[in-house]
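Start counting the sequence shown at 1; every next residue gets the next number (the UniProt record's numbering).
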Amino acid sequence: MLNRRHLPSITALQCFEAATRHLSFTRAAEELNLTQSAVSKQVAQLEELLQHLLFRRVRRRLQMTPAGDLYLVEVRKILTQVEMSTHYLRSYGGETEVLRVSTPYTFGARWLVPRLKGWRLRHPQIHLDLCNEQEPDELLQGKADMAFYFGQGSRPGTESLMLFSEELIPVCAPESLPTQPFTDPTQLSDLVLLQNASRPQGWHDWFASQGFHTEHSYHGPRFDTFYMCIRAAQVGCGVALLPRFLVEEELADGKLVIPWQHAMPSQDAYYLAYPEHSAEVPKVREFVKWMMEQV
């Protein structure tokens, strides 16, 4: 860990960032309501700390060095985060609590978000902070208060409520279908089988559940999320194997169709989990109640 003497001040970072936009200490000083000498001194101290020149002085103009260009990217990230964190805290009153909820990406966007409508009206004092995570391990690490996940049963140290199970169906764009109907599910491989990284055996199990086998069940472009699989199927990249509840809207609108009528129930289910010691925490209890109403 860096010694505090090696950490630049926020003022120094602000002076540097303003100077990069104006390429002038004078104009940067005007923006920050400082003197030109103050800005110049802050940048000089920053250069001494970094042991790299951030600017060249060329004919009374500033010119950024390669080290300055590199440092600027990181400085802007830092200043943006500080600004966001400040606005984040100022937006709450003294009675407001933050409930941090993690969720798999597509599940969160497709299922969870639509079911949060009205939460703010009923619970104005509980601010939801949603983040994208795949596993509930962050619960025990204190990174989240609650977590949605797909799997089997409870995890050590947590209480898990089963929400619902799922069934997997093949979907593709209407224009991807051949003129002649399929007579064998393995013919779907002619459309290209879109693979999902989180369900690597999905297609193999789907074929096997009907008593079929194909050497192509693991072949095809691989996508990290269901959302990418949905989009790939929509634009005609192939056929995707997806939980029905995630594509109900596209099926209803005709943007996706089912090329072979076989739904395979999953052995796993979707759960909402929270640490055992949080069961009686009011904000956790209220969110559990809300989710149970939605289910």
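Backbone N, C-alpha and C define an ideal beta-carbon position, used for all residues, glycine too.
Bear in mind the structure is a predicted one, so any value in this text is a computation, not a measurement.
* Okay, do the stretch 78 to 88 and the stretch 101 to 119 touch, 3+ Cβ pairs below 8 Å being the bar? -> As far as the Cβ criterion goes, the stretch 78 to 88 does not touch the stretch 101 to 119, which means the pair count is below three.
* **Beta bridge counterpart(s) of Asn132 as assigned by DSSP** => Answer is Thr103.
* Asked: Leu7: buried (16+ other C-beta within 10 angstroms of its C-beta) or exposed?
  -> Answer is exposed; the Cβ neighbour count stays below 16.
* To do: Grab me the residues of Ala67's own chain with a C-beta within less than 7 Å of its C-beta, minus the 5 sequence neighbours each way, in chain order.
  => Closer than 7 Å at Cβ, skipping near neighbours: His52, Leu53, Leu54.
* Asked: Roughly how many angstroms separate the alpha carbons of Pro156 and Ala279, rounded to a whole number?
  -> About 15 Å.
* Asked: When burial is assigned at 16 or more other CB atoms within 10 Å of the CB, is Pro259 buried or exposed?
  -> Answer is buried; the Cβ neighbour count reaches 16.
* Kindly list the residues whose CB is nearer than 6 Å to the CB of Arg244, restricted to its own chain and excluding five residues on each side of it in sequence; keep chain order. => These residues qualify, in order along the chain: Glu167, Ile169.
* To do: Decide if the stretch 38 to 52 is in contact with the stretch 12 to 28; the criterion is three or more beta carbon pairs, one per stretch, under 8 Å apart.
  => Touching, yes.
* Among Ser176, Val39, Gln195, Gly211, which one has its Cα closest to the Cα of Leu241? -> It is Gln195 whose Cα lies nearest to the Cα of Leu241.
* Counting only runs that start and end within the UniProt domain "HTH lysR-type" (8 to 65), where is the beta strand (DSSP E) found for 3 or more residues in a row? -> As far as the UniProt domain "HTH lysR-type" (8 to 65) is concerned, its whole beta strand (DSSP E) runs of at least 3 residues are 55 to 58, 61 to 64.
* Residue environment, Arg199, which counts as buried when at least 16 other CB atoms sit within 10 Å -> Residue environment: Arg199 is assigned as buried (16 or more neighbouring CB atoms within 10 Å of its CB, all protein chains considered).
* Would you report the Cα separation of Ala28 and Ile126, rounded to the nearest angstrom? -> Ile126 has its alpha-carbon roughly 40 Å from the corresponding atom of Ala28.
* So with Cβ pairs under 8 Å, would you call Arg244 a contact of chain D? -> Protein chains in the displayed structure number just one, and chain D is not present.
* Delimiting residues of the beta strand (DSSP E) encompassing Leu194 -> Per DSSP, Leu194 belongs to the beta strand (DSSP E) from 193 to 196.
* For Gln267, the nearest candidate out of Gly153, Val113, His123, Phe212 (CA to CA) -> Out of Gly153, Val113, His123, Phe212, Gly153 has the C-alpha closest to the C-alpha of Gln267.
* **Buried/exposed call for Met292, threshold 16 Cβ in 10 Å** => Taking all protein chains in view, the Cβ of Met292 is surrounded by fewer than 16 other Cβ atoms within 10 Å, so the residue is classified as exposed.
* Asked: Since Gly151 sits in a beta bridge, which residues does DSSP pair it with?
  -> Ala269.
* Identified DSSP bridge partners for Val257 -> Val257 pairs with Cys172.
* Asked: If you run the structure through DSSP and keep just helix, strand and coil, what is Arg76?
  -> Arg76: helix per DSSP, three-state reduction.
* Asked: Hey, how far is the Cα of Leu177 from the Cα of Ala208?
  -> Annotation: Leu177 to Ala208 spans about 22 Å, alpha carbon to alpha carbon.
* Just the Cα atoms here: how many angstroms apart are Ala269 and His213? -> Rounded to the nearest angstrom, the two C-alpha atoms are 25 Å apart.
* To do: Helix, strand or coil for Leu116, going by three-state DSSP, please let me know.
  => The answer is helix: DSSP assigns Leu116 an H, G or I state.
* Asked: Considering Ala240, what are the terminal residues of the alpha helix (DSSP H) in which it resides?
  -> Careful: Ala240 lies outside any alpha helix (DSSP H), inside the beta strand (DSSP E) at 239 to 243.
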